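A short worksheet on the structure shown next.
Residue numbers (UniProt numbering): 1 to 288.
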């Protein structure tokens, strides 16, 4: 269910629509920005959704600024640019392909596989790993493990907190797609980033990037300050899983992806173009 709120600390500031997920890594990152703990150049009307819903909202042009999957970003580069801060990019944090029992990966070409959304990076990585894995069944990420357990699909690509709980459900890992990416390219895996409308202009986008970096830095410096906000959107998640989620997806790349992060994103986009999964674009990744 969507959750919306208006962060209206200064009516004189321009207002932007802002989308991010209820996952602990996102609420950790955005807490200071949307709750007035740091100076912000804009007012934000927030929309909290699962990542695939955010992907589709941005695809339709419904949000000014939003967290999206890097896969989706490849489809909207003409309208949106990437910010350098606030994203999920790292090592050892990629999607996992799991099943109820060990299976030969080649067998999965004939079997249904659950994937957390058509425009997720998880889907992109699976398609790049083996283009012959075509029997993909798209569903919300929290439905994937139950579908695998029930035998409705042969395997599923899991993300988020499912990475920490799949073994408790008796599932086995067939493939770590993040590990495959890292071994193939040498780069950290770009999972999700923050995009802004190009029409906002260079100056506004730079202000957004700076404010978002400040929000991440505030979260690192004051981790306890975000906990009430995080827990309000993750009530069914244990404290341990919540902390593991943040530790896995929030890191120095979240403050600024830097040169290595930029190369990783460029590599993902280039390979996705070559695979014919995303359209080519004359626009760069960033506004500058």
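No residue lacks a Cβ here, since even glycine has one placed at the ideal position from N, Cα and C.
These figures come from a predicted structure and were not determined experimentally.
Contacts around residue i, its chain only, beta-carbon distance under 8 angstroms, and the 5 residues preceding and following it disregarded
i	result
residue 4	Note on residue 4: pLDDT 46, under 50, position unreliable in the model; no value is reported.
residue 126	95, 97, 113, 115, 133, 136, 157, 177
Residue i versus residue j: straight-line alpha-carbon distance, rounded
i	j	result
residue 149	residue 220	37 angstroms
residue 72	residue 231	28 angstroms
residue 147	residue 247	27 angstroms
residue 285	residue 57	19 angstroms
residue 175	residue 81	31 angstroms
residue 74	residue 277	9 angstroms
residue 111	residue 117	18 angstroms
residue 159	residue 122	8 angstroms
residue 145	residue 138	13 angstroms
residue 105	residue 128	14 angstroms
residue 261	residue 169	34 angstroms
residue 272	residue 233	33 angstroms
residue 224	residue 31	11 angstroms
residue 198	residue 283	10 angstroms
residue 78	residue 102	42 angstroms
residue 173	residue 222	35 angstroms
residue 1	residue 20	Its pLDDT being 42, under 50, residue 1 is placed unreliably by the model, and nothing is read from it.
residue 151	residue 141	16 angstroms
residue 59	residue 120	12 angstroms
residue 204	residue 287	11 angstroms
Member of the options whose CA lies at the smallest distance from the CA of residue i
i	options	result
residue 185	265, 81, 213	265
residue 228	35, 12, 16	35
residue 180	22, 147, 124	124
residue 218	20, 29, 269, 22	29
residue 215	138, 117, 251, 129	251
residue 27	144, 272, 254	254
residue 249	191, 208, 197	191
residue 163	140, 93, 152, 209	93
residue 76	274, 269, 140, 275	269
residue 243	226, 259, 258	226
With 16 other Cβ atoms within 10 Å as the buried cut-off, status of residue i
i	result
residue 39	exposed
residue 61	exposed
residue 240	exposed
residue 280	exposed
residue 55	buried
residue 256	buried
residue 196	buried
residue 209	buried
residue 275	exposed
Whether residue i touches residue j by CB criterion (8 angstroms)
i	j	result
residue 292	residue 51	Because the chain in this structure spans residues 1 to 288, residue 292 falls outside the shown range and cannot be described.
residue 90	residue 24	no
residue 171	residue 238	no
residue 207	residue 41	yes
Residues of its chain near residue i, where Cβ-Cβ distance is below 6 angstroms and the 5 sequence neighbours each way are ignored
i	result
residue 18	44, 46, 65
Other residues of its chain near residue i: CB distance less than 7 angstroms, five sequence neighbours each side excluded
i	result
residue 212	33, 83, 85, 86, 194
residue 161	237, 241, 245
residue 108	133, 154, 155
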